Amino acid sequence: MSDLSASPTAAPRRISPHAKRGGVKAGENRFGILLLIPALTAFGLVVLFPFLEALRLSFYEFTIQMMSPEFVGLDNFRRILTDPTIIGSFVTTLIFVSLTTFFSITIGLGWALILNHPFRGQAMLRGLSLLPWVMPAVVAAFLWGWIFNSRYGLLNSLALDFGLIEYPVAYLSTNAGAMAAVVITKTWLSVPLFMAFFIAGLQNLDREQIEAARVDGAGNFHVLKDHVLPHLRPVMMVTVVLGIVGNLQHFDTIWALTGGGPVRATTVLSIEVYRRAFEQWDIGMAATVGVVWVATILPPAYFYLRQLMMRAE
Amino acid sequence: MKHTCRLALASAMALTLGSPAMADTVDFMSWTYTEDSGKATIEKLIEDYQAQSENDVNPIGYAWSDMIKNTFLRARTNTLPDLSQVQARLLPTVANIDGIVDLNDVFGADKLEQMFPAGFLAMGQIDGKQVALPFIAGTIGMVANRKVLDAAGIDEIPETMEQFRDALVKVRDNVPNSVPYGMATKNNASILLDYMIWMWTFGGDIIVDGQPAVNTPEGVAALEFMVGLMNDRLAAPEIDRPDARRLFGQEATAFYFDAPSAKKFAADFSGQGDAYTVNVMPMATPVTEAGGTPASIQWGHVLAMFGDENAKPDSAASEFLMYILSDDVIVPYALGSGAIPPTTTGSNSDAVQNDPYLAAWSAAAVAPRRNTIASLENGAAINDIIGEEVQSALLGQKSAQDAADDMQGRLAEALK
């Protein structure tokens, strides 16, 4: 390389008349940016522009009967803070996300630990375990809907046959029953994905370390607590964040199974936005709830991205 | 190249100026056109019209639930159709659109009064303007299933609330796995109609002089009556209108509220087709005391016209509108829908007079009232409030009084 500092006033010497400004590295960077353009364009059109438009509309009153939106400033945000039904939606979302994420990860981890042990039929069981994951969420919702149905449901049929109940129970008509139904359905759909994450994480677990621990007298619980779980911590963090973000966004199963009811027992934020936008046609208010909803998703999403980038570095 | 362009331009101008008067095209927006049961009927109607007219009709279909949204979206983008099918209950909302035509100015009030009975003509009147003409008419009222009543040992249609309740108990005790009354307990839009009818039956109303009146003694009594039916297993949770229709056709429900098209649903869900419709009996909503006025809700479809250019009696849109409302077209169309043709000559025609189902339906609906919620600007939000609070009482989450009080407070806030 030439030492430019030796003669600071001299013009930089070009290696070749065809050499581009900035050298090979800068050229690679420009090429990289060029490659990003399609993805950035798609992101801008599909994600960024609609979000900015929703953000703009959150400052307007805009119902279906209005020919054009009317600027109301922060009025919609004020309404959110004073409307107990919307605050209730936040609480319902918190309950749904907490329960679903907890059960998905716990059962996913347990199932992964079972399937990580060699036994006859292990491969087939692993394959079958992925079935809920490939099933469309709405189909799963209808399937579980029939299980819980008060007139024709499998659950009622079994309970009646065994004499456990005298009359069919309308599980989906109680707050707890409806929430349990949507949590069970979403958990059932999510477990295979989390199980796959954990199985992947368990593949590079140091077997000799486990065997050494067992020689030292460690039981199953201590092996799990002191060796397996610490090893899975990075995977666990990613799955927790992915679970939270996914469950915060979840809509289809809940809508198909309970429609957000009974009353508002399963009206999470996604359902709230849908109702405001497409049932009540209050687009301004729907955009406002949507913006706040995005704000709740951003922290875990940021945390997830930071984890990914830290690992990449 | 320049020469070619000039030639093309000249040819286009010659074609435009030199051709005889071109036929107009009428954009006709309809939800029936998107439905399996109605698409062929609308297509035939359009085909027959085009065969006898030089004008064309361009059908535009949207699902029933998407019509109001698309009407307003089209209004915003200046792409309103020339004619549109509109739910009568939503007409007050649609009437706000700029460009809706006052049909009195087009056809003359005298002519329209001759064409339609006053009651039906009123379906299309808003603030003294005739913004639409009735297409098919009827009411939302109660139907009973003859076979279920027979199975339960009920000989007569109940007329009072007491008789109605006794009949429900008989159905519950004698028809296994039945839901005696298919009361809507799911879906806010469906719950509203049942609640509104019972509210009227008990002498109250949801909104009085622009203010909510749901926690009045009448309102609470209506809600307590509905809750009582749930507690005594005379109605069931998880029932929406489609569920009630299915149960009715499967002889597991004796009574429920529906439009005249209940007959068609019973035919479909029974699996026996039209042969089953003899079992569908229109009946007057039970009243609190004998001799009272049974409650029912006005129901119907109307046709609205948009655009000043159409507001002439000889416009293509006007011509097509009058064609639709001619006896030869409207009578078979309405009867096929299980509804009453709204024209004077149509409703007096032999086909209608000799239809026992429609005759019984008309006799049962003596004083139908307009759905007051649908006409409100934020009717959908108000509907949700009512549905949620009524459901919370029906499912035992709140007492009838508490639900009525909460509903009153939320409605007052929403109506500000």
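Going down the list, the sequences are from chains A and B. By the numbering used here, the letter at position 277 of the first sequence is numbered 277, and the numbering carries on one by one without gaps. Plus 1000 on top of the position in the second sequence (first one is 1) and you've got the numbering used here. Note that CB positions come from ideal geometry on N, CA and C, so glycine has one too. Since the structure is predicted, the reported quantities are computational estimates derived from the model, not experimental observations.
Sort B:N1383, B:V1169 and B:A1235 by Cα distance to B:Y1181 and report the nearest one. Answer by Cα proximity: B:A1235.
Using a Cβ-Cβ cutoff of 8 Å, what residues of the stretch 168-196 of chain A are near chain B? List them in chain order. Answer in chain order: A170, L172, S173, T174 and N175.
Report the three-state DSSP secondary structure of B:H1301 (helix, strand or coil). Residue state, collapsed to three classes: strand.
What residues in its chain sit with their C-beta under 7 Å from that of B:W1198, if we drop five residues either side in the sequence? Cβ within range, chain order: A1222, F1225 and M1226.
When you compare each of A:G153, A:A196 and A:S150 to A:G110 by their alpha carbons, which one comes out closest? Among A:G153, A:A196 and A:S150, the Cα nearest to that of A:G110 is on A:A196.
Taking the alpha helix (DSSP H) that B:Y1323 falls in, what are its first and last residues? Unbroken alpha helix (DSSP H) run through B:Y1323: A1316 to I1324.
Would a C-beta distance cut-off of 8 Å place A:W133 and A:P192 closer than the cut-off? In this structure, A:P192 lies closer than 8 Å to A:W133 by Cβ.
Would you say B:R1246 and B:S1190 are within 8 Å of each other, going by their C-beta atoms? Result no, Cβ atoms of B:R1246 and B:S1190 do not sit closer than 8 Å.
Contacts of B:T1041 in chain A (Cβ-Cβ under 9 Å): B:T1041 does not reach chain A, its nearest Cβ partner there being about 29 Å away, counting only Cβ pairs nearer than 9 Å.
Have a look at B:H1301, B:L1325 and B:E1159 and flag the residue whose alpha-carbon is nearest the alpha-carbon of B:V1287. Answer by Cα proximity: B:E1159.
Return the bridge partner residues of B:G1061 from the DSSP annotation. B:S1030, per the DSSP bridge assignment.
Give, in chain order, every unbroken run of the alpha helix (DSSP H) that is at least 4 residues long and sits entirely within the stretch 1084-1166 of chain B. As summarised for the stretch 1084-1166 of chain B, the continuous alpha helix (DSSP H) elements at least 4 residues long and confined to that stretch are 1091-1094, 1103-1107, 1109-1115, 1118-1121 and 1146-1152, given in chain order.
On the DSSP bridge assignment, give the partners of A:E70 in chain order. According to DSSP, which records beta bridges pairwise, A:E70 is partnered with A:E61.
Give the residues of chain A in contact with B:D1384, contact being defined as C-beta atoms less than 8 Å apart. What B:D1384 touches in chain A: R275, E279 and Q280.
For B:A1021 and B:N1055, I'd like the C-alpha separation in whole angstroms. Caution is warranted here: a pLDDT of 43 is assigned to B:A1021, below 50, making its placement in the model unreliable, and the coordinate value is therefore given only provisionally. Distance between the alpha carbons of B:A1021 and B:N1055 is about 11 Å.
Minimum length 4: unbroken alpha helix (DSSP H) runs contained in the stretch 1323-1394 of chain B: For the stretch 1323-1394 of chain B, whole alpha helix (DSSP H) runs of length 4 or above, ordered along the chain, are 1327-1336, 1344-1347, 1350-1353, 1356-1364 and 1379-1394.
Using a Cβ cut-off of 9 Å, pull out every chain B residue sitting near A:V315, in sequence order please. This structure gives no information on residue 315 of chain A, because the portion of chain A shown stretches from 1 to 313.
Buried or exposed: A:A137, going by 16 or more other Cβ atoms within 10 Å of its Cβ? With a threshold of 16 other beta carbon atoms within 10 Å, A:A137 meets it and is buried.
For the alpha helix (DSSP H) that contains A:V192, what are its first and last residues? With the sequence shown as reference, residue 192 of chain A is identified as Pro, and Val is not the correct amino acid for it. That run of the alpha helix (DSSP H) goes N175 to Q203.
Straight-line gap, B:E1251 to A:H117 (C-alpha atoms, nearest Å): So the alpha carbons of these two residues sit roughly 54 Å apart.
Which residues in chain B sit within 8 Å of A:I283, going by Cβ to Cβ distance? Taking a Cβ-Cβ cut-off of 8 Å, A:I283 has no neighbours in chain B, whose nearest Cβ is about 11 Å from it.
Which residues in chain A sit within 7 Å of B:P1237, going by Cβ to Cβ distance? Close partners of B:P1237 in chain A (Cβ separation under 7 Å): S150, A170 and S173.
For B:Q1397, which residues in the same chain have their Cβ closer than 6 Å to its Cβ, ignoring the five residues on either side in sequence? There are no such residues.
Going straight from the alpha carbon of B:K1039 to that of A:A277, what length do you get? Those two C-alpha atoms are separated by around 29 Å.
Bounding residues of the alpha helix (DSSP H) (the contiguous stretch that carries B:D1419): Since the first and last residues shown for chain B are 1001 and 1416, residue 1419 of chain B lies out of range.
Interface residues of chain B facing A:G243 [CB-CB closer than 9 Å]: Simply none; closest approach about 30 Å.
Since A:A140 contacts A:T185 with CB under 8 Å, what's their CB separation in whole angstroms? 6 Å between Cβ atoms; contact.
Where do the ends of the beta strand (DSSP E) carrying B:D1418 lie? In the structure as shown, chain B starts at 1001 and stops at 1416, and residue 1418 of chain B therefore has no counterpart that could be examined.
Would you identify the three-state DSSP class for A:V238, choosing helix, strand or coil? In this structure, A:V238 counts as helix in the three-state DSSP scheme.
If A:I105 and A:F194 are in contact, beta carbons under 8 Å, what's the gap, nearest whole angstrom? Rounded to the nearest angstrom, the Cβ distance from A:I105 to A:F194 is 6 Å, consistent with a contact under 8 Å.
Going along chain B in order, which residues have a C-beta closer than 8 Å to the C-beta of A:N65? According to the sequence shown, residue 65 of chain A is Gln rather than Asn. Correct list: F1072, T1093, N1096 and E1377.
Along the stretch 1351-1380 of chain B, what residues have a CB closer than 8 Å to any CB found in chain A? Flagged, chain order: E1377, N1378 and A1380.
Taking any Cβ of chain B, which residues in the stretch 245-270 of chain A have a Cβ under 8 Å from it, in chain order? Within the stretch 245-270 of chain A, the residues whose Cβ lies closer than 8 Å to any Cβ of chain B are, in chain order, G259, G261, P262, V263 and R264.
To the nearest angstrom, how far is the alpha carbon of B:Q1170 from that of B:T1201? This sequence places Lys at residue 1170 of chain B; Gln is not what is there. Spanning the two alpha carbons is a distance of roughly 22 Å.
Tell me, please, which residues DSSP counts as bridged to B:Q1211. For B:Q1211, which the question treats as bridged, DSSP gives the partners B:V1208.
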